[in-house]
Amino acid sequence: MRFGDELLLRSSSLVTRGVRIAVPPPPPPPQRTTMPVKWVLYWQPNQGSTVSTQILNEAAQCVESINGVKEGRWKAALNYYKPMLRDQSTHPDLPRDFLGISLADQPTKYYFLIRSQRLVVEADASIQLIMEKLQSYKSKVSIYFDGFQYLLGDFRLRVGRVVPVHSETIRGIVMEVEYLPISSMEKARKVMEEFVEIWHEALSKTSLSGKFVNIELNFGEFGLADTYTPQHTGVQYAIVMAHMIATVQPAARG
Amino acid sequence: MQSLQQLQLLQNPTEAANSQSELEAPPKQVAQAMERLNQAARVIADIRLGADRVFEAFFLTSHPRTSTTDTSLQLLLKEDASMRQHLHDLRSIGKKLEESGVLTESLRSRSNSWGLHMPLVCPDGAVVAYAWKRQLAGQADVTLDDCRLALKAFTDQKRRFFPHIDDGVKMESRSKKHRASHSLLEHGGEEPFDCKTLPDIQSRLEKLVPNVKVSTYGRLSWLKRANSLPGSGSDDDPPEASKLVFQSSSKLRSGLEAEVADKVAVIELYVPSVFRAVVSLNPAGSVDPDSVAFFSPDEGGSYLYSRGFSAHHVYKHITEHASTVLQYFLGFGTGTALYSLLLWICSFESLFSKPCSKCGRLLAMDKKSALILPPLHRAYQELPLAANLDVCEAYHGGCSPDDS
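The listed protein sequences correspond, in order, to chains A and B. Here the first sequence stands for residues 0 to 253, numbered as in numbering that gives the first Met the number 0. Here the second sequence stands for residues 0 to 403, numbered as in numbering that gives the first Met the number 0.
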């Protein structure tokens, strides 16, 4: 390309942008709809072992051994809602498994899920305030997720403990794996599978007994497409919690 | 640089005084070329600063509270005038450099210049200077450290951009065989195929690799498209803007064929959900590629052009490898470089699915960059006579047979 032409091109784009500024301000830019693919896994301890903070520490060391760079902390929250009814029996069709999730990378949004009906909806984060005022549904159980996040080249890893609110005992460990370059679940599948293998290879060098499990989900049932969205994350968290409650023993108290 | 010019003056006092002569001796030409490159670098720096000032001027015009409309308008006009002057200067320096053979393929044409070479501007922007060659030949007054640095810089760049050029006889016979296969393609081979025109190349690619979308643009329309791609955070509604671009380029097509061919300067290869590659043609309307870059399909913005770099490591690494491969194809000089390059780019359709032919895995830790990456290398020596792209074996950086 000729030396000066490229800069001429860039300056002409500056001029055209300048012409637009003289016109009434354009509407705010549309939100990015493409998100990198993410898998949410949970820790499945082997028979006889329980979950503890030690797993988090070992996992953190493992990430650093494969050249991960610590980026900071992350947190998320999940609420189980129950309807507030005077007379329970007259409303048998109200959902019993109504979840609300706030995600670490979507601070201005809140996600609602009804698993039995395969519904997932995105709302503004202020909906939580509205729900408190309405008092039609109340949050009976709240769960917090918190931990550290790491960057490994094109991968982002978040490892965190699962802790019910007002409690110090760890209920489980979750891990988010994100592959930043692409947003198609199908295309990223092999990459994610091999990354989890590499991760388990690194973990096998520690003294931990257990593994991180990825649950095969049919996102289509929830009306979700191949392109990854935060709703996909919401669904994964809901299913992970269900599996964790069913299969992982809570840590012993004390 | 100053010491070089002093040396020039000492060695050729008559030539230095005789600056009006048309047939200047090669050392003088080279010294002039180096000086012009320096001037160009200064003008480019001025342009960058000027661009910031222009933005500032625009900002002031849109915020009438901070200054009156009159003063901000004056500022805008002043910056506009100085930018145009800088760009005019840059264009004239560029023309002079091109005339003296610096920015175009100069290595081959300068065979009668006393064994000296015009400075070569490499794809990474580095300048391989005449001064180093003299230093290595021991003709200039330098220290041992200068020589070591020069030698290291030379070998690094050679290894990076011309890995196939070797002094060994083994490489020569291989390159002879490939030169033969490239000229076979030119003269027919199995299927008479003229890969000298863009429409021919496009239709052939559509048959071979139907999943890859090949589109052509003029430079300005590519810039518009890059800015309107989702992920650029631009104000345009992405589908609307790209529709407009396609409409305008189809309007061009309905015009004279010759006129259309002149305008095409950018080729975009897009495999949905896998990658977007941008190839630039120089001069516009020809079939001579001069640079290529890979990006994520979700990326957008003005940095999406053939010399830009993706925000993601995987595409950044492929882009580096691609510039080496481009040099290889250009090295044959048979005019088949564009077709070979585009075919090779299409082999990356399997970027996230084809495991490495050496270690059998998809992901591996790359030792040099300490990153986990899929196979980024695709074999290119067998192109372009390949019937399909399965012969393009995939390799990780560390597994590639090209690596020593």
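Note that CB positions come from ideal geometry on N, CA and C, so glycine has one too.
Item	Value
According to DSSP, what are the bridge partners of Gln-43 (chain A)?	A:Lys-210
So what does DSSP say about Asp-365 (chain B), is it helix, strand or coil?	strand
Identify whether Ser-290 (chain B) lies in helix, strand or coil by the three-state DSSP scheme.	strand
Using a cut-off of 7 Å between C-beta atoms, extract the partners of Lys-189 (chain A) located in chain B.	Phe-351, Ser-352 and Leu-361
What are the boundary residues of the beta strand (DSSP E) that Ile-244 (chain A) is part of?	That residue, Ile-244 (chain A), is in no beta strand (DSSP E); its alpha helix (DSSP H) goes 229 to 246.
Assuming the contact rule is C-beta atoms closer than 8 Å, Tyr-178 (chain A) and Val-164 (chain A) should be a hit. Round their C-beta distance to whole Å, please.	Actually they do not touch by this definition, with Cβ atoms about 31 Å apart.
Hey, how far is the Cα of Ser-309 (chain B) from the Cα of Ala-225 (chain B)?	13 Å
Please report how far the alpha carbon of Arg-306 (chain B) lies from the alpha carbon of Arg-160 (chain A), in whole angstroms.	44 Å
Along the chain, where does the beta strand (DSSP E) that runs through Glu-177 (chain A) open and close?	171 to 178
Spell out the partners DSSP gives Tyr-379 (chain B) in its beta bridges.	Looking at the DSSP assignment, Tyr-379 (chain B) forms no beta bridge with any residue, so it has no partner.
Note down, in chain order, all residues in the stretch 123 to 154 of chain A with a beta-carbon under 9 Å from any beta-carbon belonging to chain B.	Leu-151, Gly-152, Asp-153 and Phe-154
Would you identify the three-state DSSP class for His-395 (chain B), choosing helix, strand or coil?	coil
Indicate whether at least one CB of chain B lies closer than 8 Å to the CB of Glu-193 (chain A).	yes
DSSP on Ser-91 (chain B), reduced to helix/strand/coil?	helix
With three or more C-beta pairs closer than 8 Å as the rule, is the stretch 99 to 110 of chain A touching the stretch 122 to 129 of chain A?	yes
For Leu-350 (chain B), which residues of its own chain have a beta-carbon under 7 Å away from its beta-carbon, when the five flanking residues on both sides are left out?	Val-273, Phe-274 and Pro-373
Are the C-beta of Pro-229 (chain A) and some C-beta of chain B separated by less than 8 Å?	no
Is Ala-149 (chain B) helix, strand or coil by DSSP?	helix
Kindly say whether Tyr-216 (chain B), judged by its beta-carbon, lies nearer than 8 Å to any beta-carbon of chain A.	no
Among the residues of its own chain, which have a CB less than 6 Å from the CB of Leu-86 (chain B), if the five just before and after it don't count?	none
For Glu-215 (chain A), is the classification buried or exposed, using 16 other Cβ atoms within 10 angstroms of its Cβ as the cut-off for buried?	exposed
Examine chain A for any beta-carbon lying closer than 8 Å to the beta-carbon of Leu-388 (chain B), and answer yes or no.	no
Between Ile-200 (chain B) and Leu-341 (chain B), is the Cβ-Cβ spacing less than 8 Å?	yes
On the DSSP bridge assignment, give the partners of Gly-217 (chain B) in chain order.	DSSP lists no partner for Gly-217 (chain B).
Are the C-beta of Ser-203 (chain A) and some C-beta of chain B separated by less than 8 Å?	no
The alpha helix (DSSP H) that contains Glu-63 (chain A), what's its start and end?	52 to 64
Can you name the residues of chain A whose CB is closer than 8 Å to the CB of Leu-370 (chain B)?	Asn-66, Leu-151, Gly-152 and Asp-153
Can you tell me whether Ser-301 (chain B) is helix, strand or coil according to DSSP?	coil
With 16 as the cutoff for other CB atoms within 10 Å, does Gln-84 (chain B) come out buried or exposed?	exposed
Count the C-beta pairs between the stretch 204 to 215 of chain A and the stretch 38 to 51 of chain A that are closer than 8 Å, then say yes if the count reaches three, no if not.	yes
Flag this pair as yes or no: are the beta carbons of Leu-197 (chain B) and Thr-215 (chain B) separated by less than 8 Å?	yes
In chain A, which residues lie less than 7 Å from His-312 (chain B) when you measure between Cβ atoms?	Gly-152 and Asp-153
Since Leu-156 (chain A) meets chain B, which of its residues come closer than 8 Å, beta carbon to beta carbon?	Per Cβ cutoff of 8 Å: no residues; Leu-156 (chain A) is ~11 Å from chain B at best.
Going along the chain, which residues of its own chain have a beta-carbon closer than 7 Å to the beta-carbon of Cys-61 (chain A), five neighbours each way excluded?	Ala-201, Leu-202 and Thr-205
Using a Cβ-Cβ distance under 8 Å, would Asp-297 (chain B) count as near chain A?	yes
Counting contacts by CB-CB distance shorter than 8 Å, is Pro-82 (chain A) in contact with chain B?	no
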